[in-house]
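Okay, so here's the structure we're looking at.
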Amino acid sequence: MIDTNMTRGKYEISDGAKAMLDRAPLPRMGQPDELASVAVFLCSLGASYVTGCDIRVDGGVLASLGV
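In the numbering used here, the protein residues as written are 1020 to 1086.
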């Protein structure tokens, strides 16, 4: 749930998406730079030993749904 021109309208009109955001630990849409910073980290030497894992950049939305 990243705030972009493409996704903004979908979440503004969807009651289901708003309900998911409201339950999340960080109840807001993420910003593109928040997602980009994770991508930069994964491309850095700091992530040289990171393999085979999911890094959820969603403000806790999936965890709040029990996924």
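Beta carbons are placed, not taken as given, at the ideal position from N, Cα and C, and that holds for glycine.
Just so we're clear, the structure is a prediction, and the values are computed from it rather than from any experiment.
Check: Assigned secondary structure, GLY1078 (DSSP; H/G/I helix, E/B strand, else coil); Outcome: coil
Check: Residues that DSSP places opposite GLY1049 in a beta bridge; Outcome: ILE1021
Check: Cβ-based burial, LEU1040 [other Cβ within 10 Å; buried from 16]; Outcome: buried
Check: Extent of the continuous alpha helix (DSSP H) run through LEU1040; Outcome: 1034–1042
Check: Expected contact under 8 Å - CB spacing of GLY1078 and LEU1054 to nearest Å; Outcome: Actually they are not in contact, since the Cβ atoms of GLY1078 and LEU1054 sit about 11 Å apart, beyond 8 Å.
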